[in-house]
Structures are given as structure tokens and as C-alpha cells.
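In numbering that gives the first Met the number 0, the protein residues as written are 0 to 169. First comes the structure, then the notes that go with it.
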Amino acid sequence: MASRPSKRLRKNQSEDDSTDASLDKSLPLVVFAHGAGAPSTSDWMIRWKNMLGKTLHAVEVVTFDYPYISGGKRKAPPKAEKLVEYHLDVVKKAVAKYPGHPLILAGKSMGSRVSCMVACSEEIDVSAIVCLGYPLKGMNGAVRDETLLLLKIPVIFVQVKGSQLNSTKL
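Right, here's the structure in full:
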């Protein structure tokens with residue numbers, strides 16, 4: 000793995016939205032999607048955004064809010080499939096800002112599931128996925144593994160023991 004950039008470079012990167020041609024192209028870009036219940040500005044998301052950035056030596060960790068959670072009104076999330084197009088658009092914009100950098104998709108629960116769906120798109124080149132609590136079982140108990148079976152890239156799952164949505168034995 001490439002050596003970690005200096006603190007000065009990391010600080011400047013977070014303060015400046017423009018890209019720098021001198022950035023090490025081996026540093027990954029991470030796009031991190033929130034779960035169904037809390038926006039990207041939640042304490043949990045901010046804490047994990049910072050941990051992912053440091054651990055992966057990311058050039059940037061991009062977070063965003065799906066439209067249903069924007070504007071302060073809490074609505075029930077739509078089906079994951081309906082979020083793919085919006086998520087893919089966010090990813091394409093982030094990739095355009097950092098061309099040539101490896102792309103890692105990350106998500107919390109529902110955001111993990113949508114990230115896996117987005118990774119199946121032929122429009123982008125994803126290097127890996129980090130799933131923080133993948134909802135393997137739907138509310139009706141059905142196993143939702145069809146997208147996972149299509150993936151041809153490394154995926155890491157961080158699961159909580161005893162979770163209702165993750166209790167299927169693999």
C-alpha cells in the first residue's frame with residue numbers, strides 16, 4: 000500500500016474541494032451511503048466516515064443523503080432498487096473529481112445493499128465494497144442475496160451478532 004500522505008496534505012484535501020494532480024493515484028476514493036433511519040450527518044456516520052478515511056488512506060470519503068431523508072422530514076425509505084439511480088449519479092460525480100483513483104463503495108445497512116447494487120453497474124469500475132451491517136434478510140424474512148451473488152469484487156461485511164436482518168447462517 001502507498002505511504003500515508005502527510006497531515007498537511009490530508010488537512011488541505013478536506014478544506015479544498017478541487018482536485019490536485021499531484022495526489023497519489025493509489026489512494027482510494029470512498030463513497031459512503033447512510034442507512035434507512037439516519038442521515039449522513041448523524042454522529043455514527045461521521046465517526047465511521049473518519050475511521051474509513053484514516054484506515055483506507057482515502058483521498059476523500061464522500062457522504063450524501065438520499066432524497067427521501069433530505070430536507071429534515073423523515074419519511075419511510077423507498078425500496079432499495081429505487082435508490083440505485085440517485086446513488087450511481089453521486090458515485091459518477093465523485094469519480095469525475097478523482098479520475099484514476101480506485102473506487103470503494105461503503106454503506107450502512109440499507110446503504111450497503113444499495114452500494115452492492117450500484118457496484119453491479121457497468122457504468123463504473125468499483126474496486127471493493129465495505130458493508131457495515133448488510134440487511135441480508137428482508138422484513139418478511141426472505142433472504143436477499145441475489146445482488147451479492149453477482150458481485151465479482153472483494154466485499155467485507157461487518158455484522159452485529161444477533162441482528163434481526165442478518166441472522167441467516169451462511
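Cβ coordinates follow ideal geometry from the N, Cα and C atoms, glycine included. Since the structure is predicted, the reported quantities are computational estimates derived from the model, not experimental observations.
Look at the alpha carbon of residue i and the alpha carbon of residue j, and state the distance between them as a whole number of angstroms.
i	j	result
Trp47	Ser39	10 Å
Ile152	Val129	11 Å
Leu51	Ser120	23 Å
Leu22	Ile45	24 Å
Leu169	Leu148	Legend: pLDDT at Leu169 = 45, less than 50; position of this residue unreliable, value from coordinates given subsequently. Between Leu169 and Leu148, the C-alpha separation is close to 13 Å.
Gly106	Lys24	23 Å
Ile123	Lys91	7 Å
Lys96	Ala75	32 Å
Ser41	Gly70	14 Å
Thr146	Arg73	27 Å
Met116	Val58	23 Å
Pro77	Asn49	28 Å
Below 6 Å CB to CB, which residues in the same chain sit around residue i once its five sequence neighbours on both sides are set aside?
i	result
Gly110	Ala32, His33 and Gly34
Leu82	Tyr65 and Val113
Val30	Val61, Val90, Ala93 and Leu104
Asp88	none
For residue i, which residues does DSSP report across the bridge?
i	result
Gly106	Ala32 and Cys130
Val142	Lys136
Glu59	Leu28
Ile155	Val129
Residues in its own chain within less than 7 Å of residue i by CB, not counting five upstream and five downstream?
i	result
Val125	Leu102, Leu104, Ala118 and Ile152
Leu55	Pro27, Val29 and Ile103
Tyr85	Tyr65 and Pro66
Skipping 5 residues on each side, what residues in its chain have a beta carbon closer than 8 Å to that of residue i?
i	result
Ile155	Ala127, Ile128, Val129 and Cys130
Val157	Val129, Cys130, Leu131 and Gly132
Gly99	Lys24
Trp43	Ala37 and Lys107
Leu150	Cys115, Ala118, Cys119 and Ile128
Inset, instruction - Could you tell me whether the stretch 130-144 touches the stretch 62-73, where touching means 3 or more Cβ pairs closer than 8 Å? - result: No contact exists between the stretch 130-144 and the stretch 62-73.
Legend entry - Completely contained alpha helix (DSSP H) runs for the stretch 74-107, where each covers 4 or more residues: Complete alpha helix (DSSP H) runs here, min 4: 83-96.
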